[in-house]
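>
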Amino acid sequence: MVNFRYHIVSLVAVFLALAIGVVMGSTVIDRVTVETLEAQQDRLHTNLTNARAANRKVSGDLDNLRQASSQMAREAGDRLVPGSLLDVPVLLLGIRGNEPSGRKELIEGLAQANARAEATLWLTDRFELHDLDEQKSLGELLGIEEKSATRLRRIGLERLGAALRSLALGEVTPDAGLPAALTDADFLELDVQGGGEALDIKPGTRIVLAVAPGDRGGSSPDNEVTAADKAVGETLTTLTRALVGGEQAPIDLVVAEAAVTDQPERARLIESLRDDKFLAGRFSTVDNLDEPIGRTACLLALRDLGVDGVGHYGSGPGASRLIPALPPAAPGR
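Following the working numbering, the residues of the sequence shown are numbered contiguously, the last one being 1182.
Shown next as structure tokens:
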């Protein structure tokens, strides 16, 4: 008769056999697995080495292309820019905190073109209306009572743009003194190239509204529109619409954007302006002010405002050309 002890011994023997089988099998499998993994690692190492070499070559080719592009832009600028804006008054507009790279070189290019680039007018952070004192001060300057900071700021930008537009067109309006008043109240900051102190916008002035997106600092995906970018984009759109003037005669305006170092995508701010079917035909845009070719395009676009009309230049969405079309060569040349 089979007793309980017999069952215990049988079960132990079965489990012991299973354990021995598992150990022996895993040893064989582990050896095969290790060999397979080692082979895969060797292939991955080879692929990585090849990819690094290819990446170095592409990086070198890109550096060479950038250097050639910059050299071409400088040489083209040296031939096309000098004297192209002879005695044309130019006003630069910008937003503090979103200063575009290439602005200094653009001013140098304007001097080379013999333009009268006498001043840069900056919107300061007071225009953000962070507190009630700033809201009250702006409301008093505009002569209105408005509790909403957002609406008050929009009205201020609209009237500022309209005032600059009227001054550039030589029109006399009640808001003609608004830019100076906003400057005195530190809503605007005047940077006069010649060291003067007064803002003097002459009839025929051409305007460059130059901005750059905010630096995301690596905290946002490339395709994410940050709150800062949205705020700057709204400021840019409101000011551009006011400068353009609706159905009225258009002003001579170039809206230029520079990319930031760690976010190289183009036209982050001006793409929506380019997409506006009504606005896009009333001013020019440049999306690569940070590059020599972009600054050359900006200077040539300023030139064309008085001759051949508007266009959209650069390499970002909505650009139709890299630079404006060159004038035809004189006969016999």
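Beta carbons: idealized from backbone N, C-alpha and C, even for Gly.
These numbers were taken from a predicted model, which means no experiment stands behind them.
Which same chain residues end up closer than 7 Å to arginine 1003 when comparing Cβ atoms and leaving out the 5 residues on each side of it in sequence?
Closer than 7 Å at Cβ, skipping near neighbours: Thr1087.
> Measuring straight from C-alpha to C-alpha, what distance separates leucine 959 and leucine 893?
The straight-line gap from Cα to Cα measures roughly 54 Å.
> Could you spell out the range, first to last residue, of the beta strand (DSSP E) harbouring alanine 1017?
Alanine 1017 -> not in any beta strand (DSSP E); alpha helix (DSSP H) instead, spanning 998-1017.
> Going by DSSP, what residue range makes up the beta strand (DSSP E) through glycine 943?
Where glycine 943 is concerned, the enclosing beta strand (DSSP E) stretches over 938-944.
> Rounded to whole angstroms, what's the CA-CA distance from arginine 901 to alanine 998? Just pull it up for me.
For arginine 901 and alanine 998, the distance between alpha carbons rounds to 53 Å.
> From the DSSP output, in three-state form, read off alanine 917 for me.
Residue confidence for alanine 917 is low, a pLDDT of 49 falling below 50, so the modelled location carries little weight; the figure read from the coordinates is stated next. Alanine 917: helix per DSSP, three-state reduction.
> Roughly how many whole angstroms lie between the Cα atoms of serine 1068 and threonine 1084?
In this prediction, serine 1068 scores a pLDDT of 48, lower than 50, which makes its location untrustworthy; no coordinate-derived value is stated.
> Considering only C-alpha positions, which residue in the set Glu954, Glu1106, Phe1127, Pro1141 is nearest to valine 1060?
Selected option, being the one with the closest Cα: Glu1106.
> So, for asparagine 1001: in the same chain, excluding its five sequence neighbours on each side, which residues have a beta-carbon less than 7 Å away from its beta-carbon?
Reading off the sequence shown, one finds leucine at residue 1001, where the question assumed asparagine. The residues are Leu978, Gln984, Leu987, Gly988, Glu995.
> DSSP three-state label for asparagine 963, please.
If DSSP states are grouped into helix, strand and coil, asparagine 963 belongs with coil.
> Is it true that the region 1021-1032 meets the region 947-963, where meeting means three or more beta-carbon pairs spaced less than 8 Å apart?
No: fewer than three Cβ pairs fall under 8 Å.
> Any idea what DSSP makes of serine 823, helix, strand or coil?
The shown model of the chain, from 850 to 1182, leaves out residue 823, and the question about it has no answer.
> Measuring CB to CB, does glutamate 1007 end up less than 7 Å from alanine 1091?
Going by C-beta atoms, glutamate 1007 is nearer than 7 Å to alanine 1091.
> For valine 1057, which residues does DSSP report across the bridge?
Per DSSP, Leu941, Val1103.
> Enumerate in chain order the residues of its own chain whose CB-to-CB distance from methionine 850 is below 7 Å, with the five nearest sequence positions on each side excluded.
With a pLDDT of 49 at methionine 850, under the threshold of 50, the predicted position of this residue should be treated as unreliable, though the coordinate-derived value follows. Closer than 7 Å at Cβ, skipping near neighbours: no residue.
> What are the boundary residues of the beta strand (DSSP E) that includes glutamate 1038?
Segment 1037-1041, the beta strand (DSSP E) holding glutamate 1038.
> With a CB to CB cut of under 6 Å and the five nearest residues on each side skipped, what residues in its chain are close to serine 933?
Around serine 933: Ala962, Arg1152.
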